[in-house]
Amino acid sequence: MKRAVYQLKIQLKGSKPVISRTLLVMNTVSLESLHEILQIAMGWEMEHSYEFKNAELSFVPPWFEFTDGSFNSNEGQLRDLLKNQDDKMTYVYDFGDWWEHQITLEKVLPAGRSNIPTQLLKAKGDCPPEDIGGISFYNHIRAVLTDPTHQDHKKFCRKYKIKSGTWDADFVDIEEINQWLQPE
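Its first residue numbered 2, the sequence shown is counted upward by one per residue in our numbering.
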């Protein structure tokens, strides 16, 4: 497959309301680099292992123990897993909390002669904190923190160091994320 620009929709499975990102990225990016891009775009902190997979292939970090059917993410490219519009793959981050993201190839755009910079186009919902216990617990915490009348609101605000009424679970700073996504 030729070089192309992919428009990807990344959705954190089980999030209520939906936490998602829409990115432009080269299809030749290594899956190791895509992991780093997704960490920045979602708001994760690169503290855990990960896996990219579709129905046929699985890619894991270079330092991870390979099993039958899994490959080194440094040796795989995005175009190995997604080829055509509407193709889907899974990105799992943190095998303890199991943050499962569905990645959909929304558009395939011509690449031109040079690489385009990775860009975040759209974002919905703030990313859950690391090591919080998974999507079900995050959905509960989010509901409590956004409801000042909830009986556990003050306790959770103290625990997560949030001033009551100041946390905006829907805010994502797209401009700042795009600055972090650009090469130095």
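The C-beta atom is built at its ideal place from N, Cα and C for all residues, glycine as well.
For the beta strand (DSSP E) containing I11, name the first residue and the last one. Counting along the chain, the unbroken beta strand (DSSP E) around I11 starts and ends at 5-13.
If you count every other CB in all the chains shown that lies within 10 Å of the CB of V19, and 16 or more means buried, which is it? Of the other Cβ atoms in all chains shown, fewer than 16 fall within 10 Å of the Cβ of V19; this residue is therefore exposed.
Straight-line gap, E177 to L121 (C-alpha atoms, nearest Å): About 10 Å.
What is the DSSP secondary structure of F53, counted as helix, strand or coil? In this structure, F53 counts as strand in the three-state DSSP scheme.
Following the continuous alpha helix (DSSP H) through Y139, name the residue where it begins and the one where it ends. Counting along the chain, the alpha helix (DSSP H) containing Y139 begins and ends at 136-146.
Quick test of your reading: V26 and Y51, contact by CB under 8 Å. State the CB separation rounded to the nearest angstrom. Taking the Cβ atoms as the reference, V26 lies roughly 16 Å from Y51, outside the contact range of under 8 Å.
Taking just the CA atoms, how far does M2 sit from P95? According to the sequence displayed, residue 95 carries Asp and not Pro. Using only the alpha carbons, I get a separation of about 31 Å.
How many whole angstroms separate the CB atoms of L32 and F65, which I take to be in contact at a CB cut-off of 8 Å? Contact between L32 and F65 is absent: CB atoms are separated by about 12 Å, not below the 8 Å threshold.
Please state the DSSP three-state secondary structure of A112. In the three-state reduction of the DSSP assignment, A112 falls in the coil class, being assigned neither a helical nor a strand state.
Going by DSSP in three states, I163 sits in which element: helix, strand or coil? Reduced to three states, the DSSP call for I163 is coil.
Nearest-angstrom Cα distance between G135 and D148? Using only the alpha carbons, I get a separation of about 20 Å.
Going by the CB atoms, is the gap between P63 and S74 shorter than 8 Å? Taking 8 Å as the Cβ cut-off, S74 and P63 qualify as a contacting pair.
DSSP three-state call for S16: helix, strand or coil? In the three-state DSSP reduction, S16 falls in the coil class, being neither helix nor strand.
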